[in-house]
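Trainee: I'd like to ask you about the structure that follows.
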Amino acid sequence: MSERDGLTEGDLFPMSIAEASITNTAPLLLTVEQAAQQLGIGRTTVFALLKSGELESIPLGRLRRIPAECITEYIDRLRAAARDNRQAA
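Residue 1 is where the sequence shown starts when you use the working numbering, and the numbers rise one by one after that.
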């Protein structure tokens with residue numbers, strides 16, 4: 001591949017791998033609305049989970065955001081509790 005061929009690396013690979021992975025990833029920090037949508041619950045329920053400490057949020061300036069990993073951790077805790085309940089029954 002050379003300039004003589006009329007092609008440059010940018011023509012064949014318009015985005016670097018790092019740029020492509022950034023554009024294809026889900027957000028790391030979620031709004032209450034986004035978290036509710038991912039969990040399939042209402043905003044009020046998300047606010048209740050935040051207040052009880054079952055779901056974590058972090059301050060971001062004057063806003064609060066829910067780390068995406070906290071959604072996964074919450075789901076993992078729900079699954080573990082469901083497993084424990086099945087085994088106890």
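C-beta: ideal position from N, C-alpha, C; glycine also.
Is the Cβ-Cβ distance between P59 and L28 less than 8 Å?
Mentor: no
Trainee: Use the C-beta contact count for L78: other C-beta atoms within 10 angstroms, 16 or more gives buried, fewer gives exposed.
Mentor: Its Cβ having fewer than 16 others within 10 Å, L78 is exposed.
Trainee: Taking all protein chains shown into account, decide if R62 is buried (16 or more other Cβ within 10 angstroms of its Cβ) or exposed.
Mentor: exposed
Trainee: By a C-beta neighbour count over all protein chains shown, 10 Å radius and 16 as the cutoff for buried, is A36 buried or exposed?
Mentor: Within a 10 Å sphere around the beta-carbon of A36 sit 16 or more other beta-carbons, which makes this residue buried.
Trainee: Count the other CB atoms, across all protein chains shown, that sit within 10 Å of the CB of S57; report buried if there are 16 or more and exposed otherwise.
Mentor: buried
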